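Just below is one structure, and these are the notes that go with it.
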Amino acid sequence: MRVLCCLDGTNIEQISTTVSTMLQGENLTLALVYVIDQGPRGEMERQRERFFRSPTMKPRHKEQMQQAENANAQDILDEGTRYLSDATSFIREGNPEREIVRLAEEWSADLVVLCPRSTQSDGPTIGPKSVGHTARFVVDHAPCPVLLVRKRSRTST
Amino acid sequence: MLLFFHIPALTTTLLTVIIAIVTLLGIMIRPFRWNEAIFALSGAALLLIIGLISPVNAFFTLYKDWNIFFFFLGMMSLSALAETAGLFDWLAAQAARLAGGSTRRLFLNTFLLGTMISMVLSNDATALILTPIVYTLVTRLRLPVLPFLFACTFIADTASFLLPVSNPINIIILTRFQLDLWTFLRLLLLPSILVISMNIGMFFLLYRNQIKGRFDSKRLPSTAESIKHPAYFRYTCSVLIIVAVAYITASALQIPLSLVSLSGALLLLSGALKWRQITMKGLGGQISWSIFGFIAGMFVVVQAVEGTGLTEQFGQLLLHLSGGTSFGAVMVGTAGAAVGTNIINNVPMAVVLRSSLAGVQHIAPAARLGFIAATIFGCDLGPNLTTVGSLATVLWLLILRRRDLDVSGLDYFKVGILVTPLMLIAGALLIWLLLL
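Here the protein sequences come in this chain order: E and A.
End of the first sequence sits at 157 in the working numbering; the numbers just go up one at a time, nothing left out.
End of the second sequence sits at 1436 in the working numbering; the numbers just go up one at a time, nothing left out.
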């Protein structure tokens, strides 16, 4: 079974525990993906236009941002491989939900594992709207089953 | 060349209004993502060609506003040269160091840093230079980037009426209405502090979950990483301190602020050239030249409309809506400026409003002051309502959303629409109280 685990920098423990407990006994081929979200960059470009500047950022800023993003992504994936040592790592750039779906197709994933929303998110962790837009999009569009890993809640029944 | 023919005044007015509206629509919609300057200059050129404004009138319109053009030039140069010295990187890293590993404190420091930069180097510097630097920093620290991006974007505008130099819009308005520094501070300093505090408070509440926890200070960049040339860096800091003092002195003595910004920029440039930190070509590449065309075009178009008497009538309408009271003036002025800046961007709105207010006769001094302060307040803070610049952009983002694309700009819009009206109301009420 080919399992694609989607990391966001805060969820590796949750995902690795789930994969190793729920899918034990399966012959697993694991992959980890971290998507560098290009949304904030798009927003900065729109801001530049508001101030009557070309949307293209200064090369120096672009380079610094790219370096920080890549280092951060690599860091998160390295942390991931410490938990799931045999996993292949992928760094993607773009819209996270779309990139996850695209990679699931390209890599022929049998299962996509991700959290309903980042633990740093301000949204509810249980109840209505507890599934964030990234997870919702992946559930709607992924070409394979999707496993949403939620933290155990004491109030849940 | 209608100047050579006798044409009815109504036809002249109609043609001028049509050209002005088409120009503003072009700026709002920006078909093919063309630069705004193209529309503003085309509108101005058409008015000149048809003869709806004389070349002499157009020339004197621009000549009167030389302070604005030179201020823009000085302001952009100062920011670019300070950035070359690594000042913004160093300040951001210091803000993170002072946070001592606390994300909440870093969040607060980002606001304070944005306030300081906006106050001295204008909101452009915060929005365009500090934002990518803060993004890089928080990415390195593995913190959620959006709250920090929001913080930079919002504080750029929220802190842009602390001083006359904090936003070029202030200069556009103050060039027409000579407010002395004391009056400016008396009416706008406390509202500014109030809305900055509200902005910080509401953001802490909105992002309480995302900014909890700590970060690893070891991930911070070293001082050597930020400062490439220590001597030029020290020189830049010294010059900027002198510029900050000179700005306040010049505002108090009503000396054109462009003289200060240009002198400061020339001082920094001489240092940068001496230490080979920048070339003239490099500096030229960091200045948005199209902005001068945009402003010049807008000034000529609005002057032509002013010639028809329409802006005066618009001013009278505002006066009528305000009931001639200082309370009405502040409320109508703030609401009009804030809504207008989100429809056609704040620069054209400020140009239209200053022209309209200049035409208003028979108005009580307190109401007049109220209108001026409210125009500055609304045009400066108003853009936070949509943050993406104009209604057209918001509509475009909404269309994208319908196509099932996730757009972060809409997240900004949601925050703006939630936070900004409260700040506008509270600030406007305080301005009114200060007028009493």
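C-beta atoms are modelled at their ideal positions from N, C-alpha and C, and glycine is treated no differently.
Treat the numbers as computed from the prediction; the structure is a model and nothing was measured.
(request) Would you mind stating whether GLU63(E) and PRO55(E) have Cβ atoms separated by less than 8 Å? (result) no
(request) Could you confirm whether any beta carbon from chain E is found closer than 8 Å to the beta carbon of ASN1167(A)? (result) With a threshold of 8 Å between beta carbons, ASN1167(A) makes no contact with chain E.
(request) Answer with buried or exposed for PHE1148(A), where buried requires no fewer than 16 other C-beta atoms within 10 angstroms of its C-beta. (result) buried
(message) Buried or exposed for PHE1233(A), going by 16 or more other Cβ atoms inside 10 Å?
(response) buried
(message) Within the continuous alpha helix (DSSP H) that includes ARG60(E), where are the two ends?
(response) First-last of the alpha helix (DSSP H) with ARG60(E): 59 to 83.
(request) Give a yes or no on whether the minimum CB-CB distance between SER1263(A) and chain E is below 8 Å. (result) no
(message) Please identify the residue among ALA1296(A), ALA1350(A), LEU1179(A) whose C-alpha is closest to the C-alpha of ALA1250(A).
(response) LEU1179(A)
(request) Quick one: residues in its chain with C-beta nearer than 8 Å to the C-beta of THR1183(A), no 5 flanking neighbours on either side, listed in chain order? (result) LEU1369
(message) To be precise: take each residue of the segment 1411 to 1425 of chain A, compare its Cβ to all Cβ atoms of chain E, and keep it if any distance is under 8 Å. Which residues remain?
(response) Here the close residues are TYR1412.
(request) State the CB to CB distance for the pair ILE1295(A) and VAL1260(A), rounded to an integer number of angstroms; the pair is presumed to be in contact (CB under 8 Å). (result) The Cβ separation is near 19 Å, so there is no contact.
(request) Determine, using beta carbons only, whether PHE1294(A) comes closer than 8 Å to chain E. (result) yes
(request) State the CB to CB distance for the pair ILE1376(A) and LEU1188(A), rounded to an integer number of angstroms; the pair is presumed to be in contact (CB under 8 Å). (result) 7 Å
(message) Can you tell me whether GLY1269(A) is buried or exposed? The criterion is at least 16 other CB atoms within 10 Å of its CB, across all chains shown.
(response) Residue 1269(A) is actually Leu in this sequence, not Gly. The residue in question, LEU1269(A), is buried, as its Cβ has 16 or more Cβ neighbours within 10 Å.
(request) Return the CA-CA distance between LYS1414(A) and ILE1007(A), expressed in angstroms with no decimal places. (result) Annotation: LYS1414(A) to ILE1007(A) spans about 50 Å, alpha carbon to alpha carbon.
(message) Across the segment 1087 to 1102 of chain A and the segment 1225 to 1232 of chain A, are there enough close Cβ pairs to call them in contact, namely three or more that are closer than 8 Å?
(response) yes
(message) So, for ALA1085(A): in the same chain, excluding its five sequence neighbours on each side, which residues have a beta-carbon less than 6 Å away from its beta-carbon?
(response) TYR1232, PHE1233, THR1236
(request) Report the three-state DSSP secondary structure of CYS1152(A) (helix, strand or coil). (result) helix
(message) Please report whether the beta-carbon of ASN1209(A) lies at a distance below 8 Å from any beta-carbon of chain E.
(response) Chain E has a Cβ within less than 8 Å of the Cβ of ASN1209(A).
(request) Take ASP1404(A) and list the residues in its own chain whose beta-carbon comes closer than 8 Å to its own, dropping the five residues that flank it on each side. (result) No answer about ASP1404(A) holds up, because its pLDDT of 48 lies below 50 and its placement is not dependable.
(request) Quick one: give me the first and last residue of the beta strand (DSSP E) that ALA1364(A) is part of. (result) No beta strand (DSSP E) holds ALA1364(A); DSSP gives it neither H nor E.
(request) Count the CB pairs spanning the segment 97 to 107 of chain E and the segment 1164 to 1179 of chain A that are closer than 8 Å, and state whether there are at least three. (result) no
(request) Below 8 Å on the Cβ atoms is my guess for LEU148(E) versus LEU111(E); work out the distance and round it to an integer in Å. (result) Actually they are not in contact, since the Cβ atoms of LEU148(E) and LEU111(E) sit about 11 Å apart, beyond 8 Å.
(message) By the three-class DSSP mapping on this structure, what secondary structure does ALA1335(A) have?
(response) helix
(request) Note down, in chain order, all residues in the segment 1038 to 1069 of chain A with a beta-carbon under 8 Å from any beta-carbon belonging to chain E. (result) none
(request) Check the Cβ of MET57(E) against every Cβ in chain C and list those closer than 8 Å, keeping chain order. (result) Here the protein chains are E and A, and chain C is not one of them.
(message) Once the 5 residues before and after LEU1098(A) are set aside, which same chain residues still bring their CB inside 7 Å of it?
(response) ASN1109
(message) Does the CB of GLY159(E) have a neighbour CB from chain A at under 8 Å?
(response) Here chain E has residues from 1 to 157 only, and residue 159(E) is not among them.
(request) To the nearest angstrom, report how far apart ASN72(E) and LEU1137(A) are at their CA atoms. (result) Roughly 11 Å separates the two Cα atoms.
(request) Check distances from the C-beta atoms of the segment 70 to 93 of chain E to those of chain A and list, in chain order, the residues that come in under 9 Å. (result) Against chain A - using a Cβ distance shorter than 9 Å - the residues of the segment 70 to 93 of chain E are ALA71, ASN72, ASP75, ILE76.
(request) Verify the CB distance criterion: does ARG1403(A) have a CB-CB separation below 8 Å to chain E? (result) For ARG1403(A), the predicted model reports a pLDDT of 48, less than 50, meaning its position is unreliable; a value from the coordinates is still stated below. With 8 Å as the cut-off, ARG1403(A) does not count as an interface residue toward chain E.
(message) Within 10 Å of its beta-carbon, does GLN74(E) have 16 or more other beta-carbons around it, so buried, or fewer, so exposed?
(response) exposed
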